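Counting from -16, one number per residue, gives the positions in the sequence shown under my numbering.
Worksheet: one structure, shown below.
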Amino acid sequence: MWAGVPAGEPGRMATTHPHQPLREHDTASLGAVVTAGVILVALLVGAAVLVAQVVDVVIWSFTTT
-16 MWAGVPAGEP
-6 GRMATTHPHQ
4 PLREHDTASL
14 GAVVTAGVIL
24 VALLVGAAVL
34 VAQVVDVVIW
44 SFTTT
């Protein structure tokens, strides 16, 4: 629909005031990466504990017959 209208023409922009340039927030990005890493490690530890518990129950069931 807007293929023939160059950027900056009236009706093309959502606002009438100029936009500020975007800035990269390094601290927020680093915090997100660290948080994701902590969550992944916690999930891996939880999965390992769950597998260990299942193996323990299976071994217990074979030894108590």
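Backbone N, C-alpha and C define an ideal beta-carbon position, used for all residues, glycine too.
If you're wondering where the values come from, they're calculated on a predicted model, not measured in any experiment.
Three-state secondary structure assigned by DSSP to residue i
i, result
"Leu5", "coil"
"Thr46", "helix"
When the options are compared against residue i, the one with the closest alpha-carbon
i, options, result
"Thr10", "Pro4, Gln3, Thr18", "Thr18"
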